[in-house]
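Numbering-wise, our numbering comes out as the position in the sequence shown, counting from 1, plus 2. Glycine residues also receive a C-beta, built at the ideal position from the N, C-alpha and C atoms. Bear in mind that the values here come from a model prediction, so they are computed numbers and not experimental data.
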Amino acid sequence: MKTPSSFQHSELRAALWAFRREFAVCLVFSVLINILMLTPTMYMLQLFDRVMLSQNLVTLTVLTIVMLLCFAAVAFAEWSRSRVLVRLGVKLDQQLNSRVFAASFEAALRQQGKTPTQGFSDLANVRQFLTGNGLFALMDAPWTPIYLIVLFLLHPWLGILGIVFSLILGGMAWVSHRMSHASIEATQEAGGQVGGYIHSKLRNAEVIEAMGMLANLRARWKARQQHYLELNRQASDVSERVKALTKFVRYTQQSLALAAGAVLVIRGELSPGAMIAANVLLGRVTQPVDMIVMTWKSFLSARKAFLRLEETLAQNPPRDTTLVRAEPKGQLSLKNVIATAPSRPQAILKDLTIDFPAGEVIGVVGPSGSGKSTLARTLVGIWPYTDGRVQLDGVPLERWERDELGPYLGYLPQDIELFEGSIAENIARFGEVEPDKVIRACQRAGVHDMILRFPQGYDTEMGQAGGLLSGGQRQRIALARAMYGDPRLLVLDEPNSNLDDVGETALLKAVQDLKQQGSTVFVITHRPSVLNVADRLLVLNDGRIALYGPCTDVIATLQAQAAAQPGPSPAAQPA
3 MKTPSSFQHS ELRAALWAFR REFAVCLVFS VLINILMLTP TMYMLQLFDR VMLSQNLVTL
63 TVLTIVMLLC FAAVAFAEWS RSRVLVRLGV KLDQQLNSRV FAASFEAALR QQGKTPTQGF
123 SDLANVRQFL TGNGLFALMD APWTPIYLIV LFLLHPWLGI LGIVFSLILG GMAWVSHRMS
183 HASIEATQEA GGQVGGYIHS KLRNAEVIEA MGMLANLRAR WKARQQHYLE LNRQASDVSE
243 RVKALTKFVR YTQQSLALAA GAVLVIRGEL SPGAMIAANV LLGRVTQPVD MIVMTWKSFL
303 SARKAFLRLE ETLAQNPPRD TTLVRAEPKG QLSLKNVIAT APSRPQAILK DLTIDFPAGE
363 VIGVVGPSGS GKSTLARTLV GIWPYTDGRV QLDGVPLERW ERDELGPYLG YLPQDIELFE
423 GSIAENIARF GEVEPDKVIR ACQRAGVHDM ILRFPQGYDT EMGQAGGLLS GGQRQRIALA
483 RAMYGDPRLL VLDEPNSNLD DVGETALLKA VQDLKQQGST VFVITHRPSV LNVADRLLVL
543 NDGRIALYGP CTDVIATLQA QAAAQPGPSP AAQPA
């Protein structure tokens with residue numbers, strides 16, 4: 003077993019090292035099991051070479067009682083070993099599941115290109131291997147040399163025969179690994195891609211049905227599924243060939259062992275009892291190797307899951323506990339900020355340097371593709387591909403403790419995502435529901451009366467992803483969620499895209515209220531009516547700052563530019 007120093011660089015290995023005592027107990031049980039599994043050999047030796055010759059029933063009775071006690075001890079040891087490992091797997095899951103949850107969330111937030119739920123599947127795979135036959139085979143494998151020594155004591159040729167069969171099975175395991183390793187990995191990757199493809203399409207079933215896209219998407223899914231099935235067939239063919247050869251070796255070894263023993267008995271070099279005992283013992287010699295061959299596929303899968311989970315945890319370490327924990331004032335500044343994306347050769351935001359005073363309303367406009375939504379994600383610190391510094395109250399945003407900062411931030415994205423639970427729970431961000439704060443946020447968003455018209459009011463269940471609500475209702479509830487708790491910094495990306503006149507009037511009043519209490523509000527919008535409450539206006543064009551300053555001054559400049567040109571200025575066009 004590895005030393006603690008070899009585990010300190012891996013969070014997953016350190017977690018396993020913490021269970022070294024449980025593994026040691028399992029090894030003790032394995033020692034006991036393998037020692038007692040010599041019982042059939044000794045029993046047959048005594049039965050054929052002593053009892054059959056002496057015709058002594060008392061000796062037979064005593065030997066049988068001892069044999070039964072030994073087998074009872076084996077059964078107890080195997081049950082205890084399995085029980086320890088099952089509980090070890092549960093403890094390992096309990097110890098790591100929160101950490102895996104956080105790492106998977108970080109991976110999804112950073113858009114690392116992995117299936118968000120892959121970490122949980124990997125943890126389950128590792129846990130299942132630790133409680134399955136594969137680990138038992140590894141624990142029993144070191145006893146193969148001891149059984150070989152016993153065979154050599156019975157007769158050298160029997161020991162040589164045991165070595166030959168062990169080498170054959172071990173060679174088959176190595177060949178199986180060489181032949182199936184790449185295909186198994188490809189199969190698992192293809193299976194994950196098929197599952198992800200199906201999941202994403204089922205989430206948009208209404209769009210698919212409405213526009214008749216089902217046949218086209220099914221054809222693409224079928225091609226992916228066919229590729230996966232072909233890879234799975236190839237991997238299974240290799241596995242089944244190895245299993246068939248393993249069964250052939252296992253079946254023939256018993257008969258060949260009896261034949262070899264019979265030859266030795268005929269020559270007078272072995273007793274009949276030793277011949278029968280050697281046959282049983284040879285099975286014990288090759289059983290761990292045979293089990294390793296049979297479970298090789300699960301071992302490769304668990305190994306891949308272990309390495310993948312180890313990488314996920316390493317790439318997404320726990321958040322620093324020394325981060326800033328304070329109530330922000332809302333002053334934001336960007337220092338040489340460049341935002342990129344893997345699919346785009348050019349930067350989205352290009353070297354932005356700008357200061358936003360606390361307690362003001364900043365409107366953000368610009369043509370489509372100018373980087374407004376990317377700026378919104380950058381301002382709240384969720385865009386992963388960013389260089390430069392985004393500072394809140396003079397402190398880099400990544401130095402703030404997000405769980406502490408979260409209640410002081412409000413964010414409304416263009417793509418609204420609500421979660422299963424009641425309306426009140428969604429607005430309260432699934433923390434403790436404080437009715438006064440929930441109602442205050444809903445009144446600001448102009449959604450209070452609408453919620454009261456629902457059969458169960460604020461206790462109405464949202465359904466999956468808020469599917470029971472219209473687009474406008476989801477947006478207004480998400481707006482109330484963003485305003486919950488009087489945040490000090492509020493970023494609204496197209497907050498009025500689905501609002502009617504009443505909803506937009508409520509939005510303007512809410513923004514004014516938040517401004518009066520000292521909140522900093524960013525409003526990204528197409529509609530000029532929202533700009534009536536803005537103190538400053540930022541115009542983006544091609545990822546750069548085209549204009550920035552007091553709202554009246556920027557609007558006057560835009561109007562002057564429009565009057566000086568035959569057509570409207572690109573920067574003046576709403577996004």
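Give a yes or no on whether the C-beta atoms belonging to residue i and residue j are separated by under 8 Å.
| i | j | result |
| --- | --- | --- |
| L516 | G365 | no |
| S273 | F78 | no |
| K439 | G373 | no |
| W145 | N36 | yes |
| L414 | L481 | yes |
| G521 | G371 | The question names Gly, yet the displayed sequence has Ser at residue 521. Contact flag unset, no. |
| V196 | Q236 | no |
| Y230 | G193 | yes |
| D2 | I526 | Nothing about residue 2 can be read from this structure; the chain reaches only from 3 to 577. |
| L454 | M464 | no |
| A287 | G164 | At residue 287 the sequence reads Val, which differs from the Ala that was named. Yes. |
| L90 | E24 | yes |
| A259 | N281 | yes |
| V128 | L266 | no |
| L351 | V367 | no |
| G161 | V291 | no |
Let me confirm a value: residue i is counted as buried when at least 16 other C-beta atoms fall within 10 Å, else exposed. Which label applies?
| i | result |
| --- | --- |
| F131 | buried |
| L560 | buried |
| W176 | exposed |
| S345 | exposed |
| F138 | buried |
| Q519 | exposed |
| N428 | buried |
| T376 | buried |
| Q10 | Residue placement at Q10 cannot be trusted, given a pLDDT of 47 that sits under 50; the coordinates are not used to answer. |
| M174 | buried |
| F421 | exposed |
| F1 | Any question about residue 1 goes unanswered here, given that the chain covers just 3 to 577. |
| R101 | buried |
| T133 | buried |
| D503 | exposed |
In this structure, how does DSSP classify residue i when only helix, strand and coil are distinguished?
| i | result |
| --- | --- |
| I418 | coil |
| K331 | coil |
| V449 | coil |
| Y486 | coil |
| V435 | coil |
| Q519 | coil |
| A326 | The residue you asked about is not Ala; residue 326 is Val in the sequence shown. If DSSP states are grouped into helix, strand and coil, V326 belongs with the strands. |
| D395 | coil |
| N534 | helix |
| H229 | helix |
| G473 | helix |
| M277 | helix |
| R529 | coil |
| S56 | helix |
| E13 | helix |
| A307 | helix |
| A264 | helix |
| N135 | helix |
| N498 | coil |
Compute the Euclidean distance between the alpha carbons of residue i and residue j, then round it to the nearest angstrom.
| i | j | result |
| --- | --- | --- |
| Q333 | D395 | 5 Å |
| L501 | L491 | 22 Å |
| Q190 | A126 | 15 Å |
| S82 | A304 | 23 Å |
| Q97 | S241 | 34 Å |
| A447 | K93 | 45 Å |
| Q610 | G285 | Outside the modelled stretch of the chain, which goes from 3 to 577, sits residue 610, for which no answer is possible. |
| Q475 | F456 | 12 Å |
| C72 | R269 | 33 Å |
Name, in chain order, the residues that DSSP records as bridge partners for residue i.
| i | result |
| --- | --- |
| G551 | L539 |
| F524 | I364 and V493 |
| P147 | Partner(s): none; P147 has no beta bridge. |
| S424 | E463 |
| A341 | L351 and T388 |
| Y413 | V493 |
| F358 | L334 |
| R546 | N543 |
| W402 | V326 |
Say the cut is 7 Å; is the CB of residue i nearer than that to a heavy atom of the ligand SAH?
| i | result |
| --- | --- |
| E191 | The ligand SAH is absent from the structure shown, which contains no ligands of any kind. |
Please decide whether residue i counts as near chain C, where near means a Cβ-Cβ distance under 8 Å.
| i | result |
| --- | --- |
| S300 | Protein chains in the displayed structure number just one, and chain C is not present. |
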